[in-house]
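Student: The structure is given below, and queries will be raised subsequently.
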Amino acid sequence: MSPYSPGPFNLLILELYATIFWVQFRIIFTEVESRWAGYETHSRSQC
């Protein structure tokens, strides 16, 4: 039995990795978005 066979355990690990990746992506995205919004308002107030 190869370790690459799609068993329930492998699917569970895959789902876990996908969830972790999605959470990290959301955190980074919101951080970048808030930083970009702050940069935009900062540059606007200087003009």
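Residue numbers for the sequence shown follow the numbering used here, so the first one is 2 and each next one is one higher.
Heads up, the beta-carbon is just placed ideally off N, CA and C, and yes, glycines get one too.
For clarity, every value in this text was computed on a predicted model and none was experimentally measured.
Would you tell me roughly how many angstroms separate the C-alpha atoms of glutamine 25 and tyrosine 40, rounded to the nearest one?
Tutor: In the sequence shown, the residue the question calls residue 25 occupies position 24. In the sequence shown, the residue the question calls residue 40 occupies position 39. Going from the Cα of glutamine 25 to the Cα of tyrosine 40 covers about 22 Å.
Student: If you follow the alpha helix (DSSP H) that glycine 39 is in, where does it begin and where does it stop?
Tutor: Against the sequence shown, residue 39 aligns to sequence position 38. Unbroken alpha helix (DSSP H) run through glycine 39: 9-47.
Student: Go through its chain and collect everything with a Cβ distance to tryptophan 23's Cβ below 7 Å, but skip five positions before and after it.
Tutor: Here residue 23 refers to the residue found at position 22 when the sequence shown is read from its first residue. Nothing listed; no residue qualifies.
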